[in-house]
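Residue numbers (the working numbering): 271 to 367.
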């Protein structure tokens, strides 16, 4: 059994974009572009963790594609395997509702 420390997350400041407002669609597109570019950034520790889990360096998109492919093919067995490998949590099929 492992002991995990939990931290209190800071209050979230959510940005609201009203698509009905003037410039709303442009604002949303700018946000999408920011998220896409940031989504490909991986820290050295994150890169090493990806190698540890998947056996090779993969981009975040490749990681998601690999997980989705495995879950489509192997179903719950893949979910349980990735939960163990990524989250380091041992769960069983009975753990899910």
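Backbone N, C-alpha and C fix where the C-beta goes; we use that ideal spot for every residue, glycine too. On a predicted model such as this, the values are computed, not experimentally measured, just so you know.
* Could you have a look at residue 321 and say whether DSSP puts it in helix, strand or coil? => Residue 321 sits at position 51 when you count from the first residue of the chain shown. The answer is helix: DSSP assigns residue 321 an H, G or I state.
* Asked: Any idea what DSSP makes of residue 353, helix, strand or coil?
  -> Within the chain shown, the letter at position 83 stands for residue 353. Helix.
* Is it the case that the Cβ atoms of residue 349 and residue 341 are separated by a distance below 8 Å? -> Walking along the chain shown from the start, residue 349 turns up at place 79. Walking along the chain shown from the start, residue 341 turns up at place 71. In this structure, residue 341 lies closer than 8 Å to residue 349 by Cβ.
* Asked: Any idea if residue 320 is buried or exposed, counting beta-carbon neighbours within 10 angstroms, 16 or more meaning buried?
  -> On the chain shown, residue 320 is found 50 positions in, with the first residue counted as 1. The C-beta of residue 320 has 16 or more other C-beta atoms within 10 Å across all chains shown, which makes the residue buried.
* Asked: Where residue 297 and residue 303 are concerned, what is the direct C-alpha to C-alpha distance, given to the nearest angstrom?
  -> In the chain shown, residue 297 corresponds to position 27, counting from 1. In the chain shown, residue 303 corresponds to position 33, counting from 1. Distance between the alpha carbons of residue 297 and residue 303: 10 Å.
* **Distance CB(residue 330)-CB(residue 310) smaller than 8 Å** => As a working note, residue 330 is residue 60 in the chain shown. As a working note, residue 310 is residue 40 in the chain shown. Going by C-beta atoms, residue 330 is nearer than 8 Å to residue 310.
* Residue interval of the alpha helix (DSSP H) (run including residue 334) -> As a first step, residue 334 must be located in the chain shown, where it is residue number 64. From DSSP, the alpha helix (DSSP H) with residue 334 extends over 330 to 344.
* Is the beta carbon of residue 355 less than 8 Å from the beta carbon of residue 323? -> On the chain shown, residue 355 is found 85 positions in, with the first residue counted as 1. On the chain shown, residue 323 is found 53 positions in, with the first residue counted as 1. The Cβ-Cβ distance between residue 355 and residue 323 falls below 8 Å.
* Taking only the alpha-carbon atoms, compute the straight-line gap between residue 317 and residue 325 and give it to the nearest angstrom. => The sequence position of residue 317 within the chain shown is 47, counting from 1. The sequence position of residue 325 within the chain shown is 55, counting from 1. Each residue's alpha carbon lies about 11 Å from the other.
* Quick one: grab the DSSP three-state call for residue 286. => Counted from its first residue, the chain shown places residue 286 at position 16. Residue 286 falls in the coil class under three-state DSSP.
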